[in-house]
Amino acid sequence: MSIRRLTHVNWRHRIKGQVVDVPTDFQKTVSMHPGNKLDGTAIDMYIKRKLVSLLSYRLGRRPMVIAGYVASFVGSVCVAVSPWFSLLLFSRGILGLGLGLGQAASFCLLMEVIGPQKRTTAALAFSVGFAIGIIMLPGFAWVLQDWRSLQGAISVPLLVFVLWSWYLPESPRWLIATGKMDEARKVILKACADNKQPIDDIDTVLGQLRKKILQQEQAAEKKASCLDLIRSRRVFLYTCILVYASAASGMIFYGLQLSVTNLGGDPYLTFVIAAVAELPVAVICYAAIRWCRRRWTILAVYGVTGVCAFAVAVLPPVWVVPRQMFAIVGKMLASASLTLIWIYAAEVFPTLYRTVGVSACLIGTRVGSSTAPFLLELRNYLSDSVPMGTLAAVSALSSALMLLLPETLRVTLPDTIRESKQLGNSRKSEKDGSLKDNANNTKLRLPIIGPPSSDDGIMH
Numbered sequence: 033m034s035i036r037r038l039t040h041v042n043w044r045h046r047i048k049g050q051v052v053d054v055p056t057d058f059q060k061t062v063s064m065h066p067g068n069k070l071d072g073t074a075i076d077m078y079i080k081r082k083l084v085s086l087l088s089y090r091l092g093r094r095p096m097v098i099a100g101y102v103a104s105f106v107g108s109v110c111v112a113v114s115p116w117f118s119l120l121l122f123s124r125g126i127l128g129l130g131l132g133l134g135q136a137a138s139f140c141l142l143m144e145v146i147g148p149q150k151r152t153t154a155a156l157a158f159s160v161g162f163a164i165g166i167i168m169l170p171g172f173a174w175v176l177q178d179w180r181s182l183q184g185a186i187s188v189p190l191l192v193f194v195l196w197s198w199y200l201p202e203s204p205r206w207l208i209a210t211g212k213m214d215e216a217r218k219v220i221l222k223a224c225a226d227n228k229q230p231i232d233d234i235d236t237v238l239g240q241l242r243k244k245i246l247q248q249e250q251a252a253e254k255k256a257s258c259l260d261l262i263r264s265r266r267v268f269l270y271t272c273i274l275v276y277a278s279a280a281s282g283m284i285f286y287g288l289q290l291s292v293t294n295l296g297g298d299p300y301l302t303f304v305i306a307a308v309a310e311l312p313v314a315v316i317c318y319a320a321i322r323w324c325r326r327r328w329t330i331l332a333v334y335g336v337t338g339v340c341a342f343a344v345a346v347l348p349p350v351w352v353v354p355r356q357m358f359a360i361v362g363k364m365l366a367s368a369s370l371t372l373i374w375i376y377a378a379e380v381f382p383t384l385y386r387t388v389g390v391s392a393c394l395i396g397t398r399v400g401s402s403t404a405p406f407l408l409e410l411r412n413y414l415s416d417s418v419p420m421g422t423l424a425a426v427s428a429l430s431s432a433l434m435l436l437l438p439e440t441l442r443v444t445l446p447d448t449i450r451e452s453k454q455l456g457n458s459r460k461s462e463k464d465g466s467l468k469d470n471a472n473n474t475k476l477r478l479p480i481i482g483p484p485s486s487d488d489g490i491m492h
């Protein structure tokens, strides 16, 4: 068995009938152990969550963005020129770590400079960039059919990010929270001037903002932990279901993503179609956030995803196009389920424990995505239908478990464990104004993004 996926695209190209891949280039065969196919970026992008939490408050958002993209560029270039396989693996780890740091810090900075009314739109637009990059990748792979040239080409945008990040302003919220009032004043005045928005008595405004931020930090110092989520049996049940569903979404998404080009047909065209399918995810998520009942929507998404995976498992291999279409639709819905389940989690967990709960779901997603390569290895030992059948069963169980969760559409966000326990009692707001305010609060607190998002202090 050879490692053929060091990114989401298959790094195996035919040049004049000869297959050129990473093990061939290094003239070695990788061990049969399935752990060797585990993508290091999944683990490194989990580690970055802890690094962002520890460093972003001390160093600021802008230094984290710069450090993340510098590490990404260095790691990507080292991958392209690595003379040794061990250096390539180490460089892949640096690349994954840098991408995680850059994405998390960028998202945090974006949310802290965007107004509440535009945060949902901005967060969804942030995720569209991922889909655009995936759509462009097969074109580069088709033109540059050597993996080193491909890696070098996709390193160029990272250099652009490095140069761009030096001109980013620091987060005004972070500057105010850390008492750097003069720097915050300069950033805000420049932003107002660029947007032609006048601001009166800026010192009073900054003082009020600092007081509010300090009050929020004092409330957060109550040291919410995962242990608080297991003391109540009902909230513990909610936590287990949401973490399992998050892990299932990660497993299904990457399981189908890594399989879609192996189902037959032209791998480049198939990959492009699968990437284009990411674009409707933003529309699905936006509609679900605004108008649809959470529980039944997510139940249906997981149910249809399971049907798609089951169809891929049972259809004969000669039915190439139907299998590809089912895999693409299933991957699209799995991507939507990732966003929807994180939103659902943020609405179920109480205020002081919201970041803890959603972070647990994010970790579950990384665990699930890391197990996908192991699951796909069962094709080599059992049957081609076993991995897809397993994904179908996992998705079906997630769909059924949604029945045990409360409905949260137009329900006041819980502030305490007790209120979370009472969510199933239809605690709906009575006034239309309250519903509107609640929707705005949801925008303030939720990270809305497909492939990975961050526990970076946005949610309070």
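In terms of our numbering, the sequence shown opens at residue 33 and continues consecutively.
Note that beta-carbon positions come from the ideal geometry of N, C-alpha and C, so glycine has one too.
Between ILE373 and the set GLN229, ILE231, THR403 and TYR276, the nearest pair of CA atoms involves TYR276. In the assembly as shown, PRO349 is an exposed residue. Its beta-carbon has fewer than 16 other beta-carbons within 10 Å. The C-alpha of ALA99 is placed about 36 Å away from the C-alpha of VAL361. Here LEU288 really is in contact with LYS363; their C-beta atoms are around 4 Å apart, less than 8 Å. Excluding sequence positions up to five before and after PRO354, its CB lies within less than 8 Å of the CB of ALA343 and LEU347, all in the same chain and listed in chain order.
Within the model, the alpha-carbon separation for PRO115 versus PHE122 is close to 12 Å. Ranked by Cα distance from PRO299, the first of ILE167, CYS224, LYS228 and VAL336 is ILE167.
Collapsing the DSSP output to three states places VAL443 in a strand. Counting C-beta atoms within 10 angstroms of its own C-beta, THR236 has fewer than 16 neighbours from the protein chains shown and is therefore classed as exposed. Between the C-alpha atoms of GLY421 and ALA341 there is a straight-line separation of about 7 Å. Restricting attention to ARG442, ALA368 and ALA378, the CA atom closest to the CA of GLY335 is found in ALA368. In this chain, the alpha helix (DSSP H) harbouring THR271 covers 265-291. Here the alpha carbons of VAL194 and VAL102 stand approximately 6 Å from one another. Taking SER402 as reference, the option from PHE358, LEU290 and SER415 with the minimal CA-CA separation is LEU290. DSSP places ALA136 within a helical segment (H, G or I) once states are collapsed to three.
Taking 7 Å as the cut-off, the Cβ atoms of GLY282 and GLY400 count as close. For ALA103, the enclosing alpha helix (DSSP H) has its first and last residue at 93-113. Its chain contains SER187, LEU190, LEU191 and VAL194 as the residues whose beta carbon lies nearer than 7 Å to that of PHE105, once the 5 sequence neighbours on both sides are disregarded; these appear in chain order. Cβ contact annotation for VAL292 (same chain, cutoff 8 Å, sequence separation greater than five): THR302, PHE303, ALA306, GLN356, ALA359, ILE360 and LYS363, in chain order.
The beta carbon of LEU435 lies closer than 8 Å to those of ARG327 and LEU331 in the same chain, with the five residues before and after it left out. For the options THR337, LYS212, PRO204 and LEU127, the alpha carbon positioned closest to that of ALA223 is the one of PRO204. Rounded to the nearest whole angstrom, the C-alpha separation of ASP232 and ILE220 is 12 Å. By the C-beta density criterion, GLY128 is buried, having at least 16 other C-beta atoms within 10 angstroms.
Straight-line spacing of the CA atoms in PRO170 and PHE162 works out to 14 Å. Rounded to whole angstroms, ALA366 and VAL160 show a C-alpha spacing of 16 Å. CA-CA distance, SER108 to SER278, rounds to 29 Å. A buried status is given to ARG386, since no fewer than 16 other beta-carbon atoms sit within 10 Å of its beta-carbon. A straight-line Cα-Cα distance of about 12 Å links LEU246 and LEU207.
For ILE449 against ILE375, the beta-carbon gap comes to about 20 Å, at or over 8 Å, which does not count as contact. Distance from PRO419 to LEU407 at the Cβ level is roughly 5 Å; contact confirmed, criterion being Cβ atoms closer than 8 Å.
Closest by C-alpha distance to ARG325, out of ALA157, ALA216, GLU379 and CYS140, is GLU379.
Contact annotation: LEU433 and ILE262 have beta-carbon atoms that are not nearer than 7 Å. Distance from the Cα of PHE285 is smallest, within the candidate group THR337, ALA377, ALA314 and THR271, for THR337. Short of 6 Å from the beta carbon of GLU144, and not among the five residues preceding or following it, lie these beta carbons of its own chain, in chain order: SER203 and ARG205. With contacts defined by Cβ atoms closer than 7 Å, ALA280 and VAL426 form a contacting pair. Fully enclosed alpha helix (DSSP H) runs of no fewer than 4 residues occupy 417-433 of the segment 412-438, in order along the chain.
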